[in-house]
Structure formats: C-alpha cells, structure tokens
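Residue numbers (our numbering), protein chains in the order written: chain A, 77 to 644; chain B, 2 to 350. Even glycine gets a Cβ: it sits at the ideal position worked out from N, Cα and C.
Here it is as structure tokens:
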C-alpha cells in the first residue's frame, strides 16, 4: 500500500474545512452542551451536516461554494473558537515522547506545532518526556499528548472499545453514553453488514467529540534482497509469517531475517509484545489463525467452530491425529490447558487481560473444546482466539501455574506451528526449521528454514541488508532508511497495510478551555489545522499514511469520518 | 633479621586482609547505589505496557510483580538473594541474570582482550618512538595522535570506522555482531559453546570460522583499543623519558652502548612497571568504554545487555549486571593492590 498522497495540499488548503466545521459546530456544540443522548443529525455524513447547518453560520456558504484555500477557511477555524467564546491565541501544551514511538516523533510534533501556530490561533509549547516517566504521568499530568497503538487483533473493535469506552486506557475522562451504546452493540452484532454500518456510525459519532485525533497509519515494510523471489505476505492480519518467504527459487534455502523487535519470552503466558508474538505465531498452533492474505480468522487446529444458539458458548472440533513436534498428542486438552494457564498465571507482562470475556473452558471429549463466554455472541471472540493470548502449548511440557523457561521449551521441542526452533539465543539469534507435520493455515514453508537476527540498532540492520548478509529486514527501519533503500538497486521495499496508528489524546476535562463547549471547539480547531499529508510526506517520507478516522484503512469498517467532518 | 622479615610479612598480610575486607563494603555500597535510583526511575511493566493498559490494570500488574512493596523489604530480599548467588530473572526477557553475566560477560572479556592487543600493538611502539625522538616531529605527531584517539568518544570513532569500512564505505569488514550468524550457529551445532567465540572457532579448526571471528573483532577492537592506546602512548613516553634520564642509563650511554639498545634493553623494561600498575584501573575503564563500543557494534556483551535492560527499566537485570561489574572491579582493584604491595614495600605502611 503505497502512499500516493501529493504535497499539493498547502497550509491554507487544510483549512478549507473551517467553514464546514463552523456549520457543524452548531450541531456538535448543542450535542455536547447538554443533549448527549440526542440522536441528532450528527450521525449523518459530514456533507449533510454542512448542508443542514448552512443557516447556523454565515461563513458556511463561502466554504461550500469554494474548495480553494482562502482567507475564509482560516476564519472558519477562528469562527469555531469565536462561537465558543475562546480567546485566541490559545496556549496549548502538547506532550510527546521521543523514544518509544520512533526517532521521528520530535520531528512530527515539531511539524504539528508549526502547523498549528501558522493559523495564528494557537501558541504551542512542546514538552518531551522519556518513556517510562511519560507512561506513568500521561493520565494525571498531560492534557494533550501523543500516543501510538498496535492492535491486539485486527478488528475494528480493537481501535474503538479500548479507546472510547468509559474507563478506557487513555484515562482521558471521555464518557459518552451514545458512543458506549454503539460500542456495546457492535460487539454482539453478528451480521457483518450490520456491524460494519454500526462501526461506521460509531466513528462518525466519535469524530464529533474528538477525544482523540487520529493522525497517521503505519505501513508494514519489509526490505528484501534481490535474491528473494517470494517476499513475506504482508496483509491486514499484521502477522509476519516465515512460511511464505523463499529465496533463490530454492525451497531448501535458509532465509536470513533481521529485526529490531525484541522477545520477552517464548511462553505465550509471559509476553505481550510484537517480537515475542512474531516467534509464537510461527512455532505454535492456534485454534483459529490467519491464512496469508486473509485477515479473517480461519480454523487451524480446529476443524470447525460455532456459537451455541444462545451465543454463550463457542464450541470447536479439533482435528484428529495431531502431534507436537516431540511426538506428544495435541488435542482439546492442550487447548483448555493453554487458556486455563493464561488465567492462572496472569503474568504481569502477559496477555491474559485479553480473556476478559472468557468465563471457563471445558473439554467434553479430547476432540471438542467449549469456551463459555461472559457475554453472548461476542463477535470479537474469534479474533481473540487468533490474538497473542491464543497460541496453544504442550500440556506435557509447560507448567500450569508458572512461566516455562525458554530453554526448557526449546529442549522439549514443544512446537507444532509451521516451524520448530533449532537454536535459541534470546534477542541475539534464532534458528527455525520447517515442521514437516504442520498442516495449518500458513501452508508448508517455502524455505529450508529461517535464521533470525535481533538487532539493537536499525542502522546495523540496514547495513546488513544492503551488504547481503541478511535476506529480509523486518521491523523497524527508519523512514529515512526506507526512503533511501527505495532507490537502491541491491534491495526491494515491500509494503503492506499496517495496523499501527499514531494519534493525539485530549483529556477532555483538563485540556485548555473554560467550558466543555470551549474545549470541544479547541479540539475541533486543532483537527482542522493539522495537515496529515504533510506529516506523512515530510516527516515520514510516505512510510506512514494519513489516518482519517479511528479504524485504519485495510480493516472492515474503516472510513474517513474525521477528515470528512473537518473537510481535510 | 628474621624478626624484621616476620614483621614485614605480618604487615603485608594485615594490609591485604584489610584490603580484602574492604571489597565487601565497596560492593555493598555499589549495589545500594544502583538499587535505590532504579526504584525511582520507573518499573519494567510501565516501560513495556504503559501506553496500552488502563491505570487500574497497570497498578494491578505492578502489585502482582511486587513492585509496590516497601523499598526496604525489596532491598533486603535482593541482598539475601545475591548472598545466596541468586541474582534473579530479568523481566525483559526472562533470562537468568547469572546466565546473562556469564554469557555476555564472556563477550565483554573477549572484546577487552582484543582491545588490549590493539592498545599494546599501537601504544607501545608509538610510545617508545615518541620518547626516542623527544620533541621532534615524530614525537609531536604521535602525541597529537594520542590526544586525538583518547579524546574522541568511542562511539564516534566506532561510527567513523563503520562508515569507512562498512557497506557504505569500502565494504571490507563486518560492522556488527561478534561473528556471522551462520558461523555462530555452525559452532553451536558442533557443540562448541564456551561463549568465547575465538576459542570455539579455534576448537573447530576451521579457518573460515576463525577468520570470520577475527574479521568481526577488528573494528570494535580498534575503536576501543585506540582509546587505550592513547593512554599507553603517553604513559610509556613519559616513563621512558624519565628512565632515560636516570643515572644507570647515562652510565650505559657513557659505556658506549648504542642508543637503540639503551632504550630497548635498559630503559624500556623499567618504564613498563608503572604501565602494568595502571593497567588494572584501565581494564575497569575499558569495561565502561565497552558499553559504548558494544552498543555501536551490536557486540552482545555486558554493556550491550545493560543498555537494553536500562531502557526497559528492568531493575533485576540492571542490579545484577552492575553488581557483577562492581565485584569484578573490586576484585581487580584488590589484585592490583596485592601486586603493588608485593613489588613496592612502601604501600604497606
């Protein structure tokens, strides 16, 4: 997915939205100012809002009549603030973190400051804080701040419920019953089309309140040597699977892959990070997993799965005759064991919190497993089975009550995914061998094995992909390196849809503004003033794409609600 | 006479006993100095998951990990474990700290050894040359070189070397890791896993593996070794100059001994004594320099591991590694004192 956005959108053009917003402002402010439950026209498309609101703001006519950047667009942002009684310039203190979300964060927020101050409506103070302090202070001390997100599972829900429910992890005091109702409803709507419509509506609803401002969407980027004839399949499951890679058109050739991700543990109960999950998806089977090119979970260990009539039980039939690479039997007992130990161990650094909807697991017979859920028809359950909490482990090798050391896992050859691990030096080097008995959704490996090198410095990874020492460079090269490698004859750059998003969080209570209406107006004026395309092209050389709503492009339910509403 | 000898021996033993006893409080102070600030600057769970979990969930997980217990309880628990030889398990990657210290420590020792070789190969001849051509062009040039390599930050020198010899420059030397992955895995397959790459490569008897190890060692060793070479050059030069002014050297010259022989036979050996004394402390300093070198060249030593654990706020790992380094430095200091006491009776009084 290459970003084809041009740079034509100049500063004034990004303010074309202003008058349209001035029109919508009346509607939004009224919704925010006391009629939260009102099922108003705010759920309709922004264009409709604009049309309906033409009598509420005189400037609107000018905006809808011309798309050219004009002084009127600028006055629109000013109009929003003026209508809410906000004195300009508004002093904003924006907090960002320079180390956790990549080296370019400082440049990104420098550009945002420049964009906001160019309008003459804001005076921006940027503060940066080192990550650990940042993560501890953000909720209580920051009113506007940077965050990023990589999903637990590739579903719209993971970009909505965790952000906009009451008591969300942002701690930004956002609490809108209409939003909460839509979140709850989409989670139990099994009809795909109806759910997509709800997700669309939900994003449109959230866009009017702007508790967060979506900015950019990452792409999956792999750099491959010219000898790689089958590149990794980078799809919306956001998983990096070894099996699809091949070099020299030789199915026995060992492929060398580099990454800067780090591994916490081979034990799925003790890790909740990209580096560990990458390994786990390649060595452990799951009840449901993602076939290359398809972001919808498909049966892997399971032959079939279905919800009970009341929707409270999810039953899976497990394939007969499955074995672990060490010869142990793989059946429904391993599945129950894996989920039970996640809940028992509940490791502080593990993913057990993803199992909030799971009540219990039962095994009526060795080839049947039943998941009893807290809420019926939870449509996210299948995604959760294919998430970091879903890898199935060998009940004869793993401890039921505590984490199992990596060396014990490797020594016991307790793998049943597409690969087994031959050599394991954590965060240094790992050697993976194809598992001949694997018959899951990833398909038989097209290579003779993988050697994974873990780099600390992406610059070293870049040097080694250029020199041919590595065949594939996976997460994460800098935007500058990727842009530079694009023009190299020695390598090719492969892109795929990315699940990572970058966004700005507003604490809706503590942010500048004397009243909720003023705070909302400030958020909206900020939304109008930021040029995502400029951030994408200038700061990230196109490796991040503009994110125009809350669910990123590539997933069902993605739309452009925020850009539409603020006419960007 | 015998009484005086016994008295000297007793004084030496008393001195060494006190010095040995001082290792313990030294290590204790260092451990405490590491323990306290690590508790102030954050915890590993916040570092890893602070941007993804609710405040309540974060608190719950910190409590589950025991990070909310009184600091004194955690401190004494840690000390107790250290005394029992249990340095704990890193939360960042679940490795046993003792294992980290042994495996990564071997890599650091190997790097320091390579660097010392470079430092000797460069420092000693140049120091001698500078002394011999005192205040002439060669001396001035060498002194300038010594200041330059000593003053240049190790990581800067490392980056320059990478640019010159790496894929973007001449492309003749590897710029990261201790050895290529294929060689490392091949050695592991052969069952050689002493953690000292050169030892494993030599045991394999395969020239390809040995040369691979040597090629990977060149740039990190030069980056770190040149810094030490700068010190050696100045030390040897100044000591040699002083020795060359002593009476016995003047007498040797007066006897008509050739200048080359005067320097190499009569002056140089004595000029080396202070260098050997300083070397102990320099090894400790090299451990610090190795942290930067290892990070620059992805050399998986203790410094490399320490930097990663620090970023992850992994208390247990940082404490364990720093404790190990502190113990090594304390022991080296003790050994130097022993050597000093043996060769120079004045230090006993």
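Task: residue 253 of chain A, buried or exposed, once every other Cβ within 10 Å from all chains shown has been counted against 16 - done: exposed
- [ ] Determine the burial state of residue 69 of chain B: buried for a count of at least 16 other Cβ atoms within 10 Å of its Cβ, exposed for fewer.
- [x] exposed
Open item on the list: In this structure, how does DSSP classify residue 115 of chain B when only helix, strand and coil are distinguished?
Closed with: helix
Open item on the list: Check whether the segment 189 to 202 of chain B and the segment 100 to 109 of chain B touch, using three or more Cβ-Cβ pairs below 8 Å as the test.
Closed with: yes
- [ ] Identify which residue in B:44, B:58, B:138 and B:111 has its Cα closest to the Cα of residue 92 of chain B.
- [x] B:44
TODO: Give a yes or no on whether 8 Å exceeds the smallest Cβ distance from residue 353 of chain A to chain B.
DONE: no
Task: Same chain, Cβ closer than 6 Å to residue 267 of chain B, neighbours up to 5 away in sequence not counted - done: 250 and 253
- [ ] To the nearest angstrom, report how far apart residue 132 of chain A and residue 595 of chain A are at their CA atoms.
- [x] Unreliable placement is indicated for residue 132 of chain A, whose pLDDT of 33 sits below 50; the coordinate value is still reported in the next sentence. Approximately 20 Å, taken between the alpha carbons.
Task: Contacts of residue 49 of chain B in chain A (Cβ-Cβ under 8 Å) - done: 340, 348, 349 and 425
- [ ] Could you tell me whether any Cβ in chain A is nearer than 8 Å to the Cβ of residue 273 of chain B?
- [x] no
Open item on the list: Just verifying my parser: in three-state terms, what is the DSSP assignment at residue 530 of chain A?
Closed with: strand
TODO: Can you tell me which of the three DSSP states residue 640 of chain A falls into?
DONE: helix
Open item on the list: Quick check on the burial criterion: 16 or more other C-beta atoms within 10 angstroms. Buried or exposed for residue 454 of chain A?
Closed with: buried
Open item on the list: Does residue 176 of chain A come out as helix, strand or coil in the three-state DSSP assignment?
Closed with: coil
Task: Distance between residue 272 of chain B and residue 176 of chain A (C-alpha atoms, nearest Å) - done: 51 Å
- [ ] Kindly indicate if chain B contains any beta-carbon less than 8 Å away from that of residue 245 of chain A.
- [x] yes
Open item on the list: Is there a C-beta anywhere in chain B that falls below 8 Å from the one on residue 448 of chain A?
Closed with: no
Task: Element boundaries [alpha helix (DSSP H), containing residue 80 of chain B] - done: 72 to 84
Task: Contact check, residue 211 of chain A vs residue 89 of chain B, beta carbons under 8 Å - done: no
Open item on the list: Between which two residues does the beta strand (DSSP E) holding residue 581 of chain A run?
Closed with: 567 to 582
- [ ] Spatial neighbours of residue 324 of chain A within its chain, please: CB distance less than 6 Å, with the 5 preceding and 5 following residues excluded, ordered by chain position.
- [x] 303
Task: Contacts that residue 291 of chain B makes with chain A (C-beta to C-beta distance below 7 Å) - done: Simply none; closest approach about 15 Å.
- [ ] Can you say whether residue 339 of chain A is buried or exposed, counting buried as having 16 or more other CB atoms within 10 angstroms of its CB?
- [x] buried
Task: Paired residues, beta bridge with residue 508 of chain A - DSSP - done: A:497 and A:526
Task: For residue 195 of chain A and residue 169 of chain A, believed in contact at Cβ under 8 Å, the rounded distance - done: About 17 Å separates the two Cβ atoms, so there is no contact after all.
- [ ] Work out the CA separation of residue 308 of chain A and residue 128 of chain A for me, nearest whole Å.
- [x] With a pLDDT of 33 at residue 128 of chain A, under the threshold of 50, the predicted position of this residue should be treated as unreliable, and no value is reported.
- [ ] Take the Cβ of residue 627 of chain A as the centre, count every other Cβ of all protein chains shown within 10 Å, and call the residue buried at 16 or more, exposed below.
- [x] buried
TODO: Name the two residues that bound the continuous beta strand (DSSP E) containing residue 91 of chain B.
DONE: Per DSSP, residue 91 of chain B belongs to no beta strand (DSSP E) and is neither H nor E.
Task: Counterpart residues of residue 221 of chain A in DSSP-defined beta bridges - done: A:171 and A:581
- [ ] Tell me whether residue 179 of chain A is buried or exposed, calling it buried when 16 or more other Cβ atoms sit within 10 Å of its Cβ.
- [x] exposed
Open item on the list: At the 8 Å Cβ level, is residue 96 of chain B part of the contact set with chain A, yes or no?
Closed with: yes
Open item on the list: If we require 4 or more residues per run, which alpha helix (DSSP H) segments fall completely within the segment 102 to 167 of chain B?
Closed with: 138 to 152 and 155 to 166
TODO: Given a cut-off of 8 Å, decide if residue 322 of chain A and residue 350 of chain A are closer than it, judged by their beta-carbon atoms.
DONE: no
TODO: Kindly list the residues whose CB is nearer than 6 Å to the CB of residue 171 of chain A, restricted to its own chain and excluding five residues on each side of it in sequence; keep chain order.
DONE: 203, 218 and 221
- [ ] Run the CB neighbour count on residue 1 of chain B, radius 10 Å, all protein chains shown included, and call it buried at 16 or more, exposed below.
- [x] The first residue shown for chain B is 2 and the last is 350, placing residue 1 of chain B beyond what the model contains.
Task: Rounded distance between the beta-carbons of residue 230 of chain A and residue 313 of chain A, thought under 8 Å - done: 5 Å
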